[in-house]
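Student:
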Amino acid sequence: MSNNDEPRREDQYRADGSYDDGGKKPLLKRILLWIAGAIVLLFVAGCALFFYYASSAPKISQRELSSQNTTIIYDANNKVISRLGAQKRDYAKDSQIPDTLKHAVVAIEDRRFYKHHGVDVRRIFGAAINNVIGRSDGMQGGSTLTQQLVKLSVFSTAQSDRTFKRKAQEAWLALNVERHFSKDQILKYYINKVYMGNGVYGMRTAAQYYYGKELKDLDLSQLALLAGMPQSPTNYNPLASNTKYATARRNEVLNAMVRAGYITKSAAQSAASESVTDGLDPDHGDVESSETNVKEKIVDPYVKEVLAQLQAEGYNPNTDGLLVHTNMDLGAQKKLYNAANSEVSFQSDQMQAGAAVTDPHNGQVIAMLGGRHSNVIYGLNRAVQENRSSGSTAKPLMDYGPAIEYLQWPTFKTVSDTKFYWPGTNKVLHDFDNKYKGNMTMRSALVESRNVPAIRTLQEVGIKRATTFLGGLGISQKEPYTLQNGIALYISPLQMSAAYAAFANGGTYYKPYYISSITTMDGKTKTYSPHGKRAMSKATAYMMTDMLKGVFTNSASTGTSAYLSGVHQAGKTGTTDFPNRNQSGVMDSWMAGYTKNYSIGIWTGFDHPMNGGAISSQYERTAVLLYKSIMQYLDEQNHASNWKMPDTVEAVRVNGKRQLVIKDSKWALMYGAWDGGDDDNESSHSGSNSSSSSSSGSRSESISESRSIESILNGGSKNESNSSSTTQSSSASSASSTSPTPPAPNAGNGQ
Numbered sequence: 007m008s009n010n011d012e013p014r015r016e017d018q019y020r021a022d023g024s025y026d027d028g029g030k031k032p033l034l035k036r037i038l039l040w041i042a043g044a045i046v047l048l049f050v051a052g053c054a055l056f057f058y059y060a061s062s063a064p065k066i067s068q069r070e071l072s073s074q075n076t077t078i079i080y081d082a083n084n085k086v087i088s089r090l091g092a093q094k095r096d097y098a099k100d101s102q103i104p105d106t107l108k109h110a111v112v113a114i115e116d117r118r119f120y121k122h123h124g125v126d127v128r129r130i131f132g133a134a135i136n137n138v139i140g141r142s143d144g145m146q147g148g149s150t151l152t153q154q155l156v157k158l159s160v161f162s163t164a165q166s167d168r169t170f171k172r173k174a175q176e177a178w179l180a181l182n183v184e185r186h187f188s189k190d191q192i193l194k195y196y197i198n199k200v201y202m203g204n205g206v207y208g209m210r211t212a213a214q215y216y217y218g219k220e221l222k223d224l225d226l227s228q229l230a231l232l233a234g235m236p237q238s239p240t241n242y243n244p245l246a247s248n249t250k251y252a253t254a255r256r257n258e259v260l261n262a263m264v265r266a267g268y269i270t271k272s273a274a275q276s277a278a279s280e281s282v283t284d285g286l287d288p289d290h291g292d293v294e295s296s297e298t299n300v301k302e303k304i305v306d307p308y309v310k311e312v313l314a315q316l317q318a319e320g321y322n323p324n325t326d327g328l329l330v331h332t333n334m335d336l337g338a339q340k341k342l343y344n345a346a347n348s349e350v351s352f353q354s355d356q357m358q359a360g361a362a363v364t365d366p367h368n369g370q371v372i373a374m375l376g377g378r379h380s381n382v383i384y385g386l387n388r389a390v391q392e393n394r395s396s397g398s399t400a401k402p403l404m405d406y407g408p409a410i411e412y413l414q415w416p417t418f419k420t421v422s423d424t425k426f427y428w429p430g431t432n433k434v435l436h437d438f439d440n441k442y443k444g445n446m447t448m449r450s451a452l453v454e455s456r457n458v459p460a461i462r463t464l465q466e467v468g469i470k471r472a473t474t475f476l477g478g479l480g481i482s483q484k485e486p487y488t489l490q491n492g493i494a495l496y497i498s499p500l501q502m503s504a505a506y507a508a509f510a511n512g513g514t515y516y517k518p519y520y521i522s523s524i525t526t527m528d529g530k531t532k533t534y535s536p537h538g539k540r541a542m543s544k545a546t547a548y549m550m551t552d553m554l555k556g557v558f559t560n561s562a563s564t565g566t567s568a569y570l571s572g573v574h575q576a577g578k579t580g581t582t583d584f585p586n587r588n589q590s591g592v593m594d595s596w597m598a599g600y601t602k603n604y605s606i607g608i609w610t611g612f613d614h615p616m617n618g619g620a621i622s623s624q625y626e627r628t629a630v631l632l633y634k635s636i637m638q639y640l641d642e643q644n645h646a647s648n649w650k651m652p653d654t655v656e657a658v659r660v661n662g663k664r665q666l667v668i669k670d671s672k673w674a675l676m677y678g679a680w681d682g683g684d685d686d687n688e689s690s691h692s693g694s695n696s697s698s699s700s701s702s703g704s705r706s707e708s709i710s711e712s713r714s715i716e717s718i719l720n721g722g723s724k725n726e727s728n729s730s731s732t733t734q735s736s737s738a739s740s741a742s743s744t745s746p747t748p749p750a751p752n753a754g755n756g757q
């Protein structure tokens, strides 16, 4: 008995002579048994779940294992518009794969490859422990080479697909692959399937692309580099400007080969002393087409955005073998590309354009132009860039739309075009003609694109409400909006198209989207549907549309060059000046227009306007003419009917002209109903309908219609009119607290 043991009392012995410990050991045994039972139950449940998931695993054949993972992108009519990874591939036969490459792949990816049967339990636990303690010994996760091959052959690599169910199916298929194919076959399939960067699939093709040689002609350093690339083809690319990651990965493979006993330490050191750029072939050997590109440059900007969405959702277009159906109308895409590159005159090849076409019914992106004469695959997409000022195309979005929505302004509301100082400064706001026209209707001010009435309107609306209105149209910015944004918003052609589409469809904003469905290699399909939210009342949308029709028909407008007989369309032009108003030409020229079926946003200009990139007066209307070309094509394909006035709007006669009011508003009670015929006949109030009244590049002098509406006497309207005609900045509205800064250097010039 040890000194620490207490003597056992006589009464602790049972009649049979056994010692009674008070039940301590039986309790401990019970606890251990419960734990063991729970573990067994969990194991059994896990096995049951594993086999349940495995039973629904997709089938896999030799064709899937040996074929290339090509992602195919379709247009809305199921026509192929792009094949990623469809370039020439040099398939390596068994005799063309050197043992050194096999050893390198096995050492870095699956050291126990020749010992397991598709799933390596020891490797899984080892990887888990390494992840916990933060140590790596060259093994990449718990997947074997066979599992990686299965994943590349039938499964998506999207983050959302990394579930226990998918892992169970992957493991089950790996076990089956090992039963039907030899280790050398599995290794050959893997070496021929992996993505190697720059649009290259398979290590034999990579040998040609990077070194211009066959695999058997590469040295140890080069083979080790190729073996390590599949984990991250972009980072481990020897053509990258910074090759430190490629070098580190190559060395990691060499060290793994030493640990596995495939090469000596001295051989590894010798190979590691070689630069990863040694022996690179700038002509890429005999690989005919190794870039991940599209067949036609016309679809380039659209495909670029599709790929960006796929990657944002966790897919890898280069390895996942996806079938991607998009909303592109290939005919419209070709028309847009041809119009910008050959049909419409531009100032020079350096003058650029960005354009987007959306469907107002659902937000689908129909067509997109990223630029002109571009030889760069997936280059700058000007249709989604937000760094250029929109000019007067901002006025319906930030000024007049909110005025109707929140203040219930009628189309004949009096606004003042008189001398205006930016609040808190002595800076005067000008229009392109440096003139003022006195009192005028909101309709005339919008159609003639006068700056001062637009800013005075924004003052009365208030920045807060204008910001809310813009937010409903998918437009926002980090910094608070100011008064100057009422004539100059920084938005993209795509945002412009989607925002104007809300006017076209009766007030609902749909977030633009490219993809209609994605089908992965295992047959699972994910579909995408419209995401719409009401942004304004039907009355606001209709009244804005009714006024914006005049941009095409009123001889005082700058959009008559885009007039199309029989086409029911509405829209707005916009240009921006240089900071130095004495400089000739403009920086940006815009056109936003729509029918009930299509909405188009177009920007034209130079990428670097401050370095001699001014648009001359002759080409200020290029955006308008480009719009006309594509809208004429679109309406011929799908002719749009005219808009019907909602029951919340009334047409009234004001000074002999047709105007619109919101039903039951104070304005509706003062005038008789319009009885002049077709409610949508613009000729009744818009002046000349001649499409030739404004030629490309001309700045038409505004034709003044009746400026005073003597019958507006009550409801404070006369006081509002008098107040708005004050020569100093003036409105005591909620916008008076706007930061007292002068207009942005490239604010709209009123066109």
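Okay, so the sequence shown: first residue is 7 according to this note's numbering, each after it adds one. Ideal placement from N, C-alpha and C gives every residue a C-beta, glycine not left out.
With DSSP run on the structure shown, which of helix, strand or coil describes R36?
Tutor: In the structure shown, R36 sits in a helix (DSSP, three-state: H, G or I).
Student: On the three-state DSSP scale, how would you describe N457?
Tutor: Helix, per DSSP.
Student: Ignore the nearest five residues each way along the sequence and tell me which others in T106's own chain have a CB closer than 7 Å to its CB.
Tutor: L226, L229.
Student: Can the beta-carbon of V667 be found closer than 8 Å to that of P402?
Tutor: Their beta carbons are not under 8 Å apart, which means V667 does not touch P402 by this criterion.
Student: Taking DSSP as the reference, what is the three-state secondary structure of L570?
Tutor: Residue state, collapsed to three classes: coil.
Student: Nearest to N257 by CA position, among Y242, S571, A246, Q356, is which residue?
Tutor: N257 has its Cα closest to that of Y242, out of Y242, S571, A246, Q356.
Student: Anyone know if the C-beta pair for G512 and D405 falls short of 8 Å?
Tutor: No, these two residues do not count as a Cβ contact at 8 Å.
Student: Rank Y625, R659, Y80 by C-alpha distance to the C-alpha of L329 and give the top, closest one.
Tutor: It is Y80 whose Cα lies nearest to the Cα of L329.
Student: Mind checking which residues open and close the beta strand (DSSP E) that includes T564?
Tutor: Segment: none, T564 is in no beta strand (DSSP E) and carries neither H nor E.
Student: Note down the Cα distance separating M235 from P244, rounded to an integer number of angstroms.
Tutor: Rounded to whole angstroms, M235 to P244 spans 9 Å at the Cα level.
Student: Consult DSSP for Y80 and reduce its assignment to one of helix, strand or coil.
Tutor: Three-state result, Y80: strand.
Student: Would you decide whether I41 is buried or exposed? Buried here means 16 or more other CB atoms lie within 10 Å of its CB.
Tutor: Exposed is the call here.
Student: At a cut of 8 Å, does the segment 247 to 263 reach the segment 274 to 287 through at least three beta carbon pairs?
Tutor: Result yes; three or more Cβ-Cβ pairs closer than 8 Å.
Student: For T488 and S380, what's the separation of their Cα atoms in angstroms?
Tutor: Straight-line Cα distance between these residues: approximately 36 Å.
Student: Just checking my contact of Y196 with L221 at CB under 8 Å: how many whole Å lie between their CB atoms?
Tutor: No, Y196 and L221 are not in contact; Cβ-Cβ is about 14 Å, not under 8 Å.
Student: Just to confirm, are L464 and A451 a CB contact at a threshold of 8 Å?
Tutor: Cβ atoms of L464 and A451: not closer than 8 Å.
Student: Where do the N-terminal and C-terminal ends of the beta strand (DSSP E) with E759 fall, by residue?
Tutor: Residue 759 lies beyond the range of the chain shown here (7 to 757); nothing can be said about it.
Student: Based on DSSP bridge pairs, tell me the residues matched to R664.
Tutor: R659, per the DSSP bridge assignment.
Student: Excluding the 5 residues preceding and the 5 following V200 in the sequence, name in chain order all residues of the same chain whose CB lies nearer than 6 Å to its CB.
Tutor: Same-chain partners within the cutoff: P236.
Student: Pull up the distance between the alpha-carbon of N75 and that of A212, whole angstroms please.
Tutor: Using only the alpha carbons, I get a separation of about 16 Å.
Student: Among residues of its own chain, excluding the 5 on either side of D126, which ones have a beta-carbon nearer than 7 Å to its beta-carbon?
Tutor: So the list reads R118, T150, once near-sequence residues are dropped.
Student: Report yes or no: do the segment 630 to 643 and the segment 377 to 396 share at least 3 C-beta pairs separated by less than 8 Å?
Tutor: No: the two stretches stay apart, fewer than three of their Cβ pairs being nearer than 8 Å.
Student: I need the DSSP call for R89, collapsed to helix, strand or coil.
Tutor: In the structure shown, R89 sits in a strand (DSSP, three-state: E or B).
Student: Using the three-state DSSP reduction, which class does T610 fall into: helix, strand or coil?
Tutor: Here T610 sits in strand by DSSP.
Student: Spell out the partners DSSP gives L329 in its beta bridges.
Tutor: Paired residues: I78, T525.
Student: If you drop the 5 nearest sequence neighbours on each side, which residues of the same chain put their C-beta closer than 6 Å to that of V458?
Tutor: Excluding positions up to five away in sequence, the list reads D423, F426, L435.
Student: Straight-line CA distance for P628 to T559?
Tutor: What sits at residue 628 in the sequence shown is Thr, not Pro. Their backbone Cα atoms lie some 18 Å apart in a straight line.
Student: Helix, strand or coil: how does DSSP classify N261 here?
Tutor: Helix, per DSSP.
Student: When the Cβ atoms of the segment 520 to 540 are set against those of the segment 344 to 359, are three or more pairs found closer than 8 Å?
Tutor: Too few Cβ pairs lie closer than 8 Å, so no.
Student: Would you call M357 buried or exposed, if buried means 16 or more other Cβ atoms sit within 10 Å of its Cβ?
Tutor: Flag for M357 reads buried.
Student: What is the DSSP secondary structure of T431, reduced to helix, strand or coil?
Tutor: Coil.
Student: Is the Cβ-Cβ distance between K121 and L193 less than 8 Å?
Tutor: In this structure, L193 does not lie closer than 8 Å to K121 by Cβ.
Student: Could you compute how far the alpha carbon of I103 sits from the alpha carbon of A113?
Tutor: Distance between the alpha carbons of I103 and A113: 16 Å.
Student: Please name the residue in G565, Y625, A598 whose C-alpha comes closest to that of S590.
Tutor: Checked all of G565, Y625, A598; the closest Cα to S590 is Y625.
Student: Within the same chain, show all residues whose beta-carbon is closer than 7 Å to that of I461, passing over the 5 residues directly before and after it, in chain order.
Tutor: Within the same chain, I461 has close Cβ partners F426, L435, L489, G492, I493.
Student: Looking at the secondary structure, which residues open and close the alpha helix (DSSP H) in which N198 lies?
Tutor: It spans 189 to 199 - the alpha helix (DSSP H) in which N198 sits, taken as one unbroken run.
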